[in-house]
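Chemist:
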Amino acid sequence: MYDFKKDLIQIKQAGLYRDLLTIHSQSAPKTVVDGREMLMMASNDYLGLCFHSRMKKMAQQALKKWGTGAGSARLISGNMSLFSDLEKKLASFKATEDALVYSTGYMANAGILSALGGGEDVIYSDELNHASIIDGCRLSRARVEIYRHRDMAALESLLKKGKKYGKRIIVTDGVFSMDGDIAPVPALVDLTQRHEAILIVDDAHATGVLGERGRGTLEHFHLCGTTDTVIMGTMGKAMGCFGAFIAGGRDLKKFLVNCSRSFIFTTALPPSVLASALEALQIIKKEPERRQRLRDNYSFFRKALNELGFNTLESETQIIPIMMGSSVTALDFARHLFDKGLFIQAIRPPAVPEGSARLRLTVMATHTMEDIKQALAILEKAGKRFRII
Ligand SMILES: Cc1ncc(COP(=O)(O)O)c(C=O)c1O
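Residue numbering for the sequence shown follows the working numbering, beginning at 2 and increasing consecutively.
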């Protein structure tokens, strides 16, 4: 039997060891870990929908009517009518012709890039794209060109050199998952049109959050419904449940149903998840005050952090990085916060580039001003102690 001890020692020495924390109960933004109540600032449940009474009620009703599982893949016998109801609503929410639900965002990215990117094709990918996009690129047979983060001149020069390829696919996070900044979508759309490419925007962290009606990055730039951009969205973050979808043209959907292996070869999502996702879309529409509250919270929090002297990069959203540099410092800092009752995770390579370890703080609509002030007081003391500020 192979002995993993040596590998584990190496991972530990590099400050990259990860351990699973057990959550014993939660009612965001508070959570109980090892019997201690903590203030949660590491969750992607941005609007607090995981605990919304309507979400739970709809999930329970679906559970009663449909049972606990789908029983098979969608192309076999798992394609409950809940899927078409949800896909219609998702398409209308994202202003596209149609949508296709996947089991996770990871699978959606891996599934679309590997299906679209053939041997004659090229994928242009922002250097800070999420790991699921990176893995999707690796799974495809296409040439992969990585362009500098949000650098449209660099992307254009690659596009100019890439006329020989078949499909040219540009893929970007809408809101970058570790930096909290926003992709320059108007410039990306312009490049896509001028170079006859395909644009895929990963709206995992923008869905339910950005734009007047929470429709995502395109709405943020007033481009919703005006382009044929393909959108990947997730339902496990601001939508408060689980799963993901690709929103785009009708023929793209048919192509993915036939060719996307992570869609085809997996069990369909359970009915309770689909029912709560349907309800999440309703709540996002009917309770805009949650989105406003989230925006007020993250604007206040980030401004206060900057005034204290923390480096939060170019974050514009609810994802706020607090730069630490070394993985060891990031880990020690996060452990210290944990001891003080503040739950924020340290993010280290390979999730972020070497030398850019950080805390990744996420703000929720359910944080009160008291929560935010308490977190700021803890962060200020810790920042001084660790000589970060
Ligand atoms: C930008 C981005 N895309 C995709 C994913 C994957 O989504 P899921 O958690 O549904 O697999 C994540 C998850 O954190 C993400 O941050």
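Heads up, the beta-carbon is just placed ideally off N, CA and C, and yes, glycines get one too. Being a predicted model, the structure only gives us computed values, none of them experimental.
Is the closest heavy atom of ligand 1 to the C-beta of T208 under 7 Å?
Modeler: For ligand 1, not one heavy atom lies less than 7 Å from the Cβ of T208.
Chemist: Note down, in chain order, each residue of its chain lying with its Cβ closer than 6 Å to the Cβ of L377, except the 5 sequence neighbours on either side.
Modeler: The residues are A305.
Chemist: Closest to V145 by CA distance: which of T235, R216, L160 is it?
Modeler: Among T235, R216, L160, the Cα nearest to that of V145 is on L160.
Chemist: List in chain order: all unbroken beta strand (DSSP E) runs of 3+ residues lying wholly within the segment 93–138.
Modeler: Complete beta strand (DSSP E) runs here, min 3: 99–103, 123–127.
Chemist: Three-state secondary structure (DSSP) at L17?
Modeler: If DSSP states are grouped into helix, strand and coil, L17 belongs with coil.
Chemist: Can you list every residue whose CB sits closer than 5 Å to some heavy atom of ligand 1, going in chain order?
Modeler: Per the Cβ criterion, the list is T105, G106, Y107, H131, S133, D174, S178, D203, A205, T235, G237, A245.
Chemist: Using only CA atoms, which one of N259, S141, I284, V33 lies nearest to L76?
Modeler: The option with the nearest alpha carbon to L76 is N259.
Chemist: Got a sec? Which residues, its chain only, sit under 8 Å from A155 by beta carbon, not counting five neighbours each side?
Modeler: Once the five neighbours on either side are set aside, the close Cβ partners of A155 are Y148, R149.
Chemist: Is A281 close to chain D, meaning its C-beta is less than 8 Å from at least one C-beta of that chain?
Modeler: Looking for chain D here will not work: only one protein chain is present.
Chemist: Residues bridged to L360 by DSSP?
Modeler: I323, A347.
Chemist: Between which two residues does the beta strand (DSSP E) containing D203 stretch?
Modeler: That run of the beta strand (DSSP E) goes 199–203.
Chemist: Of the residues G167, R303, G356, T267, which one's Cα is nearest the Cα of G16?
Modeler: Of G167, R303, G356, T267, the residue nearest in Cα terms is G356.
Chemist: Contact between the segment 121–133 and the segment 269–284 is defined here as three or more beta-carbon pairs at a separation below 8 Å; is this criterion met?
Modeler: No, they do not touch.
Chemist: Does the distance from the CB of R336 to the CB of Q346 come in under 8 Å?
Modeler: It is not a contact, given that the beta carbons lie outside the stated cut-off.
Chemist: So which of Q319, H206, K341, R386 has the shortest CA-CA distance to H368?
Modeler: With distances taken between Cα atoms, H368 lies closest to Q319.
Chemist: Between F301 and the rest of its own chain, which residues show a CB-CB distance below 7 Å, the 5 nearest in sequence each way excluded?
Modeler: For F301, where only same-chain residues beyond five positions count, the Cβ hits under 7 Å are I373.
Chemist: What distance in whole Å lies between the Cβ atoms of G310 and I379, which are believed to be in contact at a cut-off of 8 Å?
Modeler: So it is not a contact: roughly 15 Å between Cβ atoms.
Chemist: Can you give the Cα-Cα distance for A198 and G167, rounded to whole angstroms?
Modeler: Going by the C-alpha atoms only, they are around 10 Å apart.
Chemist: Starting from V172, trace the beta strand (DSSP E) both ways and give me its first and last residue.
Modeler: Residues 169–174.
Chemist: If you draw a straight line from the alpha carbon of K382 to that of M324, how long is it in whole angstroms?
Modeler: If you take the alpha carbons of K382 and M324, they lie about 16 Å apart.
Chemist: Quick one: using the 10 Å Cβ neighbour count with 16 as the cut-off for buried, is D20 buried or exposed?
Modeler: By the neighbour-count rule (16 or more Cβ atoms within 10 Å), D20 is not buried but exposed.
Chemist: Quick one: grab the DSSP three-state call for H368.
Modeler: Here H368 sits in coil by DSSP.
Chemist: By alpha-carbon positions, which one of R142, N110, I134, A109 ends up nearest to D122?
Modeler: Checking every option, the nearest Cα to that of D122 belongs to R142.
Chemist: Do you know how far the Cα of R388 is from the Cα of A395?
Modeler: Absent from the model: residue 395. The displayed extent of the chain is 2 to 390, so no value can be given.
Chemist: Based on DSSP bridge pairs, tell me the residues matched to F246.
Modeler: DSSP output for F246 lists V102, G234 as bridge partner(s).
Chemist: Looking at the strands, I want to know which residues DSSP matches up with I147.
Modeler: Per DSSP, S126.
Chemist: Between G249 and A109, what straight-line distance do the alpha-carbon atoms span, to the nearest angstrom?
Modeler: Near 13 Å, if we compare the C-alpha coordinates of A109 and G249.
Chemist: My understanding is that M365 touches A29, with C-beta atoms under 8 Å, so please give their C-beta distance in whole angstroms.
Modeler: Right, the Cβ-Cβ distance comes to about 6 Å (below 8 Å), so this counts as a contact.
Chemist: Keeping to the same chain, check which residues put their C-beta closer than 7 Å to that of L40; ignore five residues upstream and five downstream.
Modeler: If we look at L40 and ignore the five residues flanking it on each side, its Cβ neighbours are P30, K31, G342, L343, F344, D372, Q375, A376.
Chemist: Rounded to whole angstroms, what's the CA-CA distance from M81 to T208? Just pull it up for me.
Modeler: C-alpha separation (whole angstroms): 24 Å.
Chemist: Apart from the five residues just before and just after G237, which ones in its own chain have a Cβ nearer than 6 Å to its Cβ?
Modeler: Same-chain partners within the cutoff: F243.
Chemist: Let me confirm a value: L114 is counted as buried when at least 16 other C-beta atoms fall within 10 Å, else exposed. Which label applies?
Modeler: Looking at its Cβ environment, which holds 16 or more other Cβ atoms inside 10 Å, L114 is buried.
Chemist: With DSSP as the reference, label M153 as helix, strand or coil.
Modeler: Helix, per DSSP.
Chemist: If we ignore side chains and look at the alpha-carbon of each, how far apart do A184 and A331 end up?
Modeler: Taking the straight line from one Cα to the other gives about 26 Å.
Chemist: Would you report the Cα separation of G241 and I12, rounded to the nearest angstrom?
Modeler: So the two alpha carbons sit approximately 33 Å from each other.
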